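*Asks:*
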Amino acid sequence: MANFNSTAPDWDQMTPLLVSGDVKRTSANTVSVETSEGPLVITLHHFGARLRFGECQFGQYGMLIEEPVGVALSLDSVDGKSVIKGGAYTLTLRHDPFAFELSTAARTELK
Numbered sequence: 000m001a002n003f004n005s006t007a008p009d010w011d012q013m014t015p016l017l018v019s020g021d022v023k024r025t026s027a028n029t030v031s032v033e034t035s036e037g038p039l040v041i042t043l044h045h046f047g048a049r050l051r052f053g054e055c056q057f058g059q060y061g062m063l064i065e066e067p068v069g070v071a072l073s074l075d076s077v078d079g080k081s082v083i084k085g086g087a088y089t090l091t092l093r094h095d096p097f098a099f100e101l102s103t104a105a106r107t108e109l110k
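Residues in the sequence shown are numbered from 0 upward in steps of one, following numbering that gives the first Met the number 0.
1) Can you tell me whether Ile83 is buried or exposed, with buried defined as 16 or more other CB within 10 angstroms of its CB?
2) Check each candidate in Lys23, Val30 and Glu54 and name the one with the smallest Cα separation from Gly37.
3) Going by C-alpha distance, which of Arg106, Thr6 and His94 is nearest Ser35?
4) Can you tell me where the beta strand (DSSP E) holding Phe97 begins and where it ends?
5) Secondary structure at Asp9, three-state DSSP: helix, strand or coil?
6) At a cut of 8 Å, does the region 65-72 reach the region 17-32 through at least three beta carbon pairs?
7) With burial defined as no fewer than 16 other Cβ atoms inside 10 Å of the residue's Cβ, what is the status of Ser81: buried or exposed?
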């Protein structure tokens, strides 16, 4: 049996992710963000947010029958910050270094 290695990564040695280009709506329900590690695609849904790096693909995992359709979004970007709103959720992106906060009117869901 293989031994489990519980060593944590040395986070101080990792280069932080940055928003390096445009943050733009690419459809009524999708925002695309150019980052230092490639494109990030964001959608908001009734169940929360999906953040996806790289090419969107579906493996045969049996978890998703089809890709969920996101809600209509609004996007405002100023001073190194982008705010995406859709449905009951607000996703705030900080650009340098990249960070995000998902919230509803009632509380912060994820930070």
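From the three backbone atoms N, C-alpha and C, an ideal C-beta is built for every residue, glycine too. Please read all numbers here as calculations on a predicted model, not as lab measurements.
*Replies:* Judging by the given coordinates:
1) buried
2) Glu54
3) His94
4) Phe97 to Ser102
5) coil
6) yes
7) buried
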